[in-house]
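Asks: Please read through the structure below; I'll follow up with questions.
Number of protein chains: 2
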Amino acid sequence: MKKLVECVPNFSEGKDRGKINKIFNGAQKVKGVKVFELEWDKSHNRSLFTIVGEPNDVLKSVFESIKVAIKLIDMEKHHGEHPRIGAIDVVPFIPVSGVSMKECIALANKLGRKVAEELKIPVYLYEEAAKKKDRRNLADVRRGQYEGLREEIKTKRDKKPDYGPSEFHKTAGAVVIGARKYLIAYNVNLDSRDVEVAKDIASEIREKGGGLPAVKAMGFKVDGYAQVSINLVDYEKTNIDKVYFEIEKLAKKKKISIKNSEIYGMIPLNSLVKMVKDQLKADGFKVDQVLETKIFE
Amino acid sequence: MKKLVECVPNFSEGKDRGKINKIFNGAQKVKGVKVFELEWDKSHNRSLFTIVGEPNDVLKSVFESIKVAIKLIDMEKHHGEHPRIGAIDVVPFIPVSGVSMKECIALANKLGRKVAEELKIPVYLYEEAAKKKDRRNLADVRRGQYEGLREEIKTKRDKKPDYGPSEFHKTAGAVVIGARKYLIAYNVNLDSRDVEVAKDIASEIREKGGGLPAVKAMGFKVDGYAQVSINLVDYEKTNIDKVYFEIEKLAKKKKISIKNSEIYGMIPLNSLVKMVKDQLKADGFKVDQVLETKIFE
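Chains as they are written, first to last, in the working numbering: chain A, -14 to 282; chain B, -14 to 282.
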């Protein structure tokens, strides 16, 4: 099976559809990758999309979109609600299939060097690719935002970038590049109109509350019903089925049943394969037994 | 997502590896398809392989392999334990993804006409593609085998082929072409050394015994343990998870647990998607939310 990597570059342009399309089209120029899920938000003044393909193709593709973005976005004139430090704000690489985290960290470094050398933009490496402990968390790297970091980068030692000059690019600022695990967004809707039930269950299942590993959860009321909204930040630790059955168990104690559940957005095939293995004691089951994988071998 | 069809042509050559490879390579000549899982059996004197791809590509690919096989196989000299009526014995088309059974029946007819007109071989249509009730079952179509049918086709009205001449091709005989559902081979191993337990459970779950729809099952002893060996002939009616949990329930009554289970060979992605929907009440989940499908859209 092909090696597959995902990349989700975030750009500081969420208003001008023409510019957004040009950046998106830049990524699409590279053959062999799929570029999709273009999203933008006017009040955040920010857009993002997803690139999937083989590692080197994805690298080329995101670099093409970055080259376009630099020409179109001027951070000196940028306003938006969302924190940002540059025209190309953040670029994570995510392993999907047949690719290790190590390879994604290598990709982040390769792109970082390329952006620094060819485009003269300072690069900070974050999360799994972080070279410093205090750069693992994206919010920490972005602290002070464009306006603050523009000054601090010149003087503060702990703000020195991992690659590139200790000075902002005149219009593009800086960029955060990194590697992280695939995040599955998953909602479980309860057959209850009491939002407190969802909040209680969320607090019980989330890792921070001593619940399931790699689970973030919140309780909401959606369409009149209690919803547990979940981010699975490492499905190899806790997968959709594990969290579903845990919620079912906790809800049962409150005499409440699950109405339904919904996977929000995309999910990697390996998550489904893992569910089959875990639920059906099918340890030997392999992703390349899925027929469709044959045609992208 | 791409439309995907599978085709599994069976040829009456299971000894001469050179010839088998030439037939296999014939199928591989067509771009866009994947040809794999080449199997052959000397005592059956028979070989088969799998072609996956978009409908028209698969049609071209199997036709190329048929043209090669006709030149290499002489049924007048063929001996083997397995029933057969021709050099290209049977060719089923199977819907995998985004393709209806109707489209596979149309493919069977298209190939049937092509084989009849261009290669002058009589064609019988079977299973879902059958035009006559008594041709649905492959064993019925093949009754009398090559040697018997060679004579009967000329005189018996009910042996008149669906396409092509009422006379065997001099060396290739006749061919059975059709459409059928995807078959999942699935084994559930019990934590018991008593084969009777597996046989009992098999008889309870199989459709013939009033069990689950579209389930065939047998009990065996494999590596010293009781195994329920299952063919799911329509996973939209009964999928891997349904049969697993039914066996778990029946075994529990006998105070026996499941050791493990194994999917034998390939499984369509839609089966995994259906399991997620059914087990997690995720009715809205769609196959194109699986990330990997993006790259063969």
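Glycine is no exception: its CB is placed at the ideal position from the N, C-alpha and C atoms.
If you compare alpha carbons, which of 173(A), 53(A), 156(A) is closest to residue 59(A)?
Replies: Comparing Cα positions, the closest option is 156(A).
Asks: Between residue 269(B) and chain A, is there a C-beta pair that is closer than 8 Å?
Replies: Yes, residue 269(B) counts as interfacial toward chain A.
Asks: Count Cβ pairs between the segment 60 to 67 of chain A and the segment 30 to 43 of chain A that sit closer than 8 Å; are there 3 or more?
Replies: Flag = yes, the segment 60 to 67 of chain A and the segment 30 to 43 of chain A touch.
Asks: How would you write the range of the alpha helix (DSSP H) that residue 86(B) sits in, first residue to last?
Replies: First-last of the alpha helix (DSSP H) with residue 86(B): 86 to 104.
Asks: List the residues of chain A that residue 38(B) touches, going by C-beta distances under 7 Å, in chain order.
Replies: By Cβ distance, chain A contributes 280.
Asks: Against residue 21(A), what residues of chain B qualify as contacts under a CB-to-CB distance less than 8 Å, listed in chain order?
Replies: Within 8 Å Cβ-Cβ: 279.
Asks: Please say whether residue 52(B) and residue 11(B) have beta carbons closer to each other than 8 Å?
Replies: Against a cut-off of 8 Å, the Cβ pair of residue 52(B) and residue 11(B) comes out as a contact.
Asks: Mapping the DSSP letters down to three states, classify residue 11(B) as helix, strand or coil.
Replies: Residue state, collapsed to three classes: helix.
Asks: Rounded to a whole number of angstroms, what is the C-alpha to C-alpha distance between residue 173(B) and residue 269(A)?
Replies: Looking at the two C-alpha atoms, the distance is approximately 12 Å.
Asks: For residue 154(B), which residues does DSSP report across the bridge?
Replies: Bridge partners of residue 154(B): 158(B).
Asks: Does residue 124(A) pass the burial test, meaning 16 or more other C-beta atoms within 10 Å, or should it be called exposed?
Replies: Exposed is the call here.
Asks: Hey, does residue 226(B) have any beta-carbon neighbour from chain A nearer than 8 Å?
Replies: Chain A contact via Cβ: present.
Asks: Closer than 8 Å by beta-carbon distance: list the chain B residues that pair up with residue 302(A), in chain order.
Replies: In the structure displayed, chain A extends from -14 to 282; residue 302(A) sits before or after that span and is not available.
Asks: Can you list, in chain order, the residues of the segment 196 to 220 of chain A whose Cβ is nearer than 8 Å to any Cβ on chain B?
Replies: Against chain B - using a Cβ distance shorter than 8 Å - the segment 196 to 220 of chain A contributes no residues.
Asks: Ends of the alpha helix (DSSP H) at residue 255(A)?
Replies: Run containing residue 255(A): 254 to 264, per the alpha helix (DSSP H) assignment.
Asks: Does any residue of chain A bring its CB to less than 8 Å from the CB of residue 243(B)?
Replies: Yes, residue 243(B) counts as interfacial toward chain A.
Asks: Please state the DSSP three-state secondary structure of residue 170(B).
Replies: It is a strand residue.
Asks: Using beta carbons (cut-off 8 Å, strictly below), is residue 260(A) in contact with chain B?
Replies: For residue 260(A), the answer is yes, since a Cβ of chain B falls inside 8 Å of its Cβ.
Asks: Quick one: which chain A residues come within Cβ less than 8 Å of residue 275(B)?
Replies: Chain A residues near residue 275(B): 251, 252, 253, 254, 257.
Asks: Starting from residue 241(A), follow the beta strand (DSSP E) in both directions and report where the run begins and ends.
Replies: Neither: residue 241(A) is in no beta strand (DSSP E) and is coded neither H nor E.
Asks: Tell me the rounded alpha-carbon separation between residue 252(A) and residue 180(A).
Replies: Residue 252(A) and residue 180(A): Cα-Cα distance of roughly 27 Å.
Asks: Below 8 Å on the Cβ atoms is my contact criterion, and I expect residue 159(A) with residue 71(A) to pass it. Report the Cβ-Cβ distance as a whole number of Å.
Replies: Yes, they are in contact, since the Cβ atoms of residue 159(A) and residue 71(A) sit about 5 Å apart, within 8 Å.
Asks: Who does residue 38(B) pair with in a DSSP beta bridge?
Replies: -10(B).
Asks: Which stretch, first to last residue, makes up the alpha helix (DSSP H) that contains residue 201(A)?
Replies: Where residue 201(A) is concerned, there is no enclosing alpha helix (DSSP H), although the beta strand (DSSP E) it sits in stretches over 200 to 207.
Asks: Identify the residues that DSSP records as bridge partners of residue 73(B): which are they?
Replies: -4(B).
Asks: Taking all protein chains shown into account, decide if residue -3(B) is buried (16 or more other Cβ within 10 angstroms of its Cβ) or exposed.
Replies: That one is buried.
Asks: Taking only three categories from DSSP, how would you classify residue 280(A)?
Replies: Reduced to three states, the DSSP call for residue 280(A) is helix.
Asks: Should residue 162(A) and residue 93(A) be called a contact, given that it needs their Cβ atoms to be closer than 8 Å?
Replies: Their beta carbons are under 8 Å apart, which means residue 162(A) touches residue 93(A) by this criterion.
Asks: Count Cβ pairs between the segment 197 to 216 of chain A and the segment 143 to 153 of chain A that sit closer than 8 Å; are there 3 or more?
Replies: Flag = no, the segment 197 to 216 of chain A and the segment 143 to 153 of chain A do not touch.
Asks: Under the rule that 16 or more other beta-carbon atoms within 10 Å means buried, what is residue 38(B), buried or exposed?
Replies: So residue 38(B) counts as buried.
Asks: On the premise that residue 241(A) lies in contact with residue 175(A), defined as a C-beta separation below 8 Å, what is that separation, rounded to the nearest angstrom?
Replies: The pair is a contact, with the Cβ atoms about 5 Å apart (cut-off 8 Å).
Asks: Leaving out five residues on either side along the sequence, give the residues of the same chain with a beta carbon under 6 Å from the beta carbon of residue 115(B).
Replies: Cβ within range, chain order: 121.
Asks: State the Cα-Cα distance for the pair residue 128(A) and residue 165(A), rounded to the nearest angstrom.
Replies: Those two C-alpha atoms are separated by around 19 Å.
Asks: Is the separation between the beta-carbon of residue 235(B) and that of residue 276(A) shorter than 8 Å?
Replies: The answer is no: Cβ separation not under 8 Å.
Asks: Taking only beta-carbon atoms, is residue -11(B) less than 8 Å away from chain A?
Replies: So yes, residue -11(B) belongs to the interface.
Asks: Residue range of the alpha helix (DSSP H) that residue 183(B) falls in?
Replies: 180 to 190 is the extent of the alpha helix (DSSP H) around residue 183(B).
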